[in-house]
Each structure stands twice: as C-alpha cells, then as structure tokens.
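Notes for the one structure printed next.
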DNA sequence: GTTGAGCGTT
C-alpha cells in the first residue's frame, strides 16, 4: 500500500502538516504527537453538520471517519486547559491560555510558540529527603535513568561534610524533568521528592488555590482515607497530614475550582464531621485571613489568569479597578515576569509529591533507617496544575518595576503552597 | 488539639 497521509494542523486555518497513516488506514496518536507534542487526539469539521467532530481514538489508534480520512484538515486536540505541551515544571499540562489567547500569541510571535514546543530550558530541581549517605554519584546514577543529567549536588554542612539531606539535579531535557517531578523516588532506601526549588517559584493567586484545609480530622484518618474520600470530587494530587497528629490535614486537587467549591463545607469522613476551608499560605507572616488580598499578584484575582475558565476578554475587565489599559497590562506582565527570572517558567503552587512524607515516617529527626510506617498513601500523584502566565512578553523587562512597585511587593509573599 | 519540613556559602 502506498504511503498515505492525512493533513493535520494545530488550528483550523493553519497550514497543515501531512502525517503518515498505518497500513490499515489508521493513524497512530503517537505519530501525531511526534509532530505535535502533547497532542491527545484529533478533531475535524464535519462537512455535513459543520460541527467539529472528534476522531475516534482507541488504544492510541486514531480511526478514520466513516468515509475515510479524505482531504479534510484535522485539528490537534490537546489536554484540557493546555496550550499543547506538557509542562515539566509541573509534570502536567497547565498553561492556562484559552485557545483564543493562544491564537493571538501565535499571531504576535510565531516563534514563541516554537519555544513552547519542546525546547524549554530545564531548571535545577531540588531533591528532598535524601538519605544522609547518598552521594552525588548515587544521585547521578539514579537520575540518569530518566535522561541526561547535567548537574547533581548533595548539600552538605560546610564543617562536618555531612549531607543536609537534600540536593539538586538538573536534566538536559524538559521531558526528563517532567517525568522526575511527577513521581516520587526511592533513593538508597528512602522516598524522595523532586520539586522546583522555591527560588524558581513565582507567586500564586490566592483565589486560585487548589489546596484546602481540612479541620477537625481525627487520628484514625489516614492520608489514604482522605485521598479516597476526596477523590469523589475530583483528582487529588496531594494529601498532607502533619505529624504528630494535629487534627487537620491538607488536600490538594488538580483543579482549583474543585477546591474552591468545597470551601466552607462540613463533610462527613468516617463518621466525623470535618470542616473544609481555604488553605492559608505556608509561612505567611503575621497576616491573617482578611489580609489575604495582599497576597495576590497585585492586579486583581484573575488578572493573569489561571487554570480554568478565563474568557479571553475578562482579563481586561479585571484591570478596570486599576485604570490600566492594555499597554500597561502588557508592561505589568513583562515586569512581573522579568522579576521572576526565568522566562516561561510558570509559577507553582503545591507540588504533587511532597506530602507523601506525611506517611513516610520522616520527621525533623529523620529516621534514616526508614522502613516507613506503612501508610504509604502514595499513588504517585499525578502532578499539579500550576499557575500560569503567558510566556512571551518577558523581554521588555525591568524598567517597569518602579512604576508597579507597590504591586510587586506581593510577588514573593507566601502562597508557595 | 482548625494552617504543612527540609530550599542552594555560587
């Protein structure tokens, strides 16, 4: 059978790329994803109904519509709320741009879209929970199974040379980083977490927290119990139970809206009424509750948009309080981004794997023998949705800082949840 | 018993 190709494009009216089909006339999703990283399916506009239709997908195989692939242009589907690439900053698919926004961006700067496909810079990742005995060679050996490792460090006490129990690792490629961030790691007999270090994290929007506080917990509630219970509302990416027992817990969802929807509720878990409320930022200074407005980005809750449901026009509306016109908005965005250093690095709230430690038997005096207490609540969490900002305005830079000075204060305050 | 551990001598 002669080679057959179907035409695939990222948007309906964009130039299509020809993608080869298999001998049986199907097209492999992996073939599509090879050209459009992050793709999860295809759709097309039905010539009859004029509606978009999904292409049947089963087991990674895309099946032609009834009358064959024809000459239609198939449009790539990306995971919901995703601009079309996997973001190893979070190990998931954030990028909170609406399709509208994305299109605009592409018009403005086609090359920036390219940056987002695969060529991202990696970042150092902090490795928490290392056994004291783990050496840099150990780290390198372990992490090399994920990809090319270009840097490892074990942080040690300057005087004694003893490990501080954490280190850093950096990969060449973004995909490796993504993989590593989304799972826990058994290193020399201990479960370790890899995350973006604080220094690489941007601010977060309090109204968009994915984490809730669960008050009035009882001691018999394991993190597994909580995970199981809260799963009914949406994907749970993290459960944290402080040790020793303190009658509360934190539950993080993949979706901020789920979290928000539960706040204020009294829920019954194992026959006990627990109270759900907003998770306050860790280490927030004296501020409390009502002060929370200070923790935003300074431009209103949704100004730079987050994961869900932002219409492309609403962000302007949110600026009305500040009398900002679109130019100033762009400037503000540039200023914010440049102040975070790494362009395109998305801020992060609560990472996925972290609090498995609540079940790991670790404590301030870490038990290095570590045959953890067995409440292994971890089903290798599926990563966190992060806060996102557009990635391409950053070059304008620092000159704007002074004009937005007061707003910028908020950037480093708390919410590194 | 209602707010979480640890974050880089550059």
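In UniProt numbering, the protein residues as written are 1 to 417.
Heads up, the beta-carbon is just placed ideally off N, CA and C, and yes, glycines get one too.
- Here residue 223 is buried. Its C-beta has 16 or more other C-beta atoms within 10 Å.
- CA-CA distance, residue 70 to residue 213, rounds to 53 Å.
- Within its own chain, the residues whose Cβ lies closer than 6 Å to the Cβ of residue 163, once the five positions on either side in sequence are excluded, are 132, 154, 156, listed in chain order.
- For the pair residue 42 and residue 73, the CB atoms are not nearer than the 8 Å cut-off.
- Assignment of residue 143 by DSSP, reduced to helix, strand and coil, places it in the helix class.
- The three-state secondary structure of residue 71, taken from DSSP, is coil.
- Residue 281 is classed as buried because its beta carbon has at least 16 other beta carbons within 10 Å across all chains shown.
- The three-state reading of DSSP puts residue 266 in strand, counting E and B together.
- Looking at the backbone, the Cα of residue 236 and that of residue 4 are separated by about 42 Å.
- Between the alpha carbons of residue 122 and residue 201 lies a gap of roughly 13 Å.
- The continuous beta strand (DSSP E) containing residue 151 extends over residues 149–156.
- Beta-carbon to beta-carbon, residue 139 and residue 167 are separated by about 6 Å, close enough to satisfy the 8 Å threshold.
- With contacts defined as CB atoms closer than 8 Å, residue 247 and residue 227 fail to qualify as a contacting pair.
- Secondary structure at residue 238: strand, using DSSP grouped into helix, strand and coil.
- DSSP places residue 179 in the helix class (H, G or I) of the three-state scheme.
- Here residue 278 carries a strand assignment [DSSP, helix/strand/coil].
- The count of Cβ pairs closer than 8 Å, one atom from the segment 250–257 and one from the segment 176–193, stays below three, leaving the stretches out of contact.
- In the three-state reduction of the DSSP assignment, residue 4 falls in the coil class, being assigned neither a helical nor a strand state.
- Between residue 44 and residue 27, the beta carbon gap of about 12 Å keeps them out of contact (Cβ cut-off 8 Å).
- Distance from the CA of residue 141 to the CA of residue 134, rounded to the nearest whole angstrom, comes to 11 Å.
- Less than 8 Å separates the beta-carbon of residue 125 from that of residue 196.
- Taking C-beta atoms as the reference points, residue 174 and residue 232 fail to come closer than 8 Å.
- For the set 238, 65, 129, the Cα lying nearest the Cα of residue 194 is the one of 129.
- Distance between residue 19 and residue 49, taken at the CA atoms: about 25 Å.
- In chain order, 43, 45 place their CB closer than 6 Å to the CB of residue 52, counting only its own chain and leaving out the 5 sequence neighbours on each side.
- Linking residue 220 to residue 64 through their CA atoms gives a straight-line distance of about 52 Å.
- For residue 184, there is no enclosing beta strand (DSSP E), as DSSP gives it neither H nor E.
- Assigned with DSSP and collapsed to three states, residue 77 falls in strand.
- Checking the DSSP bridge columns, you'll see residue 243 has no partner listed.
- Judged by their CB atoms, residue 262 and residue 241 are not nearer to each other than the 8 Å cut-off.
- The C-alpha of residue 238 lies about 10 Å from the C-alpha of residue 230.
- In the three-state DSSP reduction, residue 32 falls in the helix class (H, G or I).
- When C-alpha distances from residue 172 are compared across 268, 150, 35, 34, the shortest belongs to 150.
- Annotation for residue 252: 210, 211, 237, 238, 350 place their beta carbon closer than 6 Å to its own, counting only its chain and skipping 5 residues before and after.
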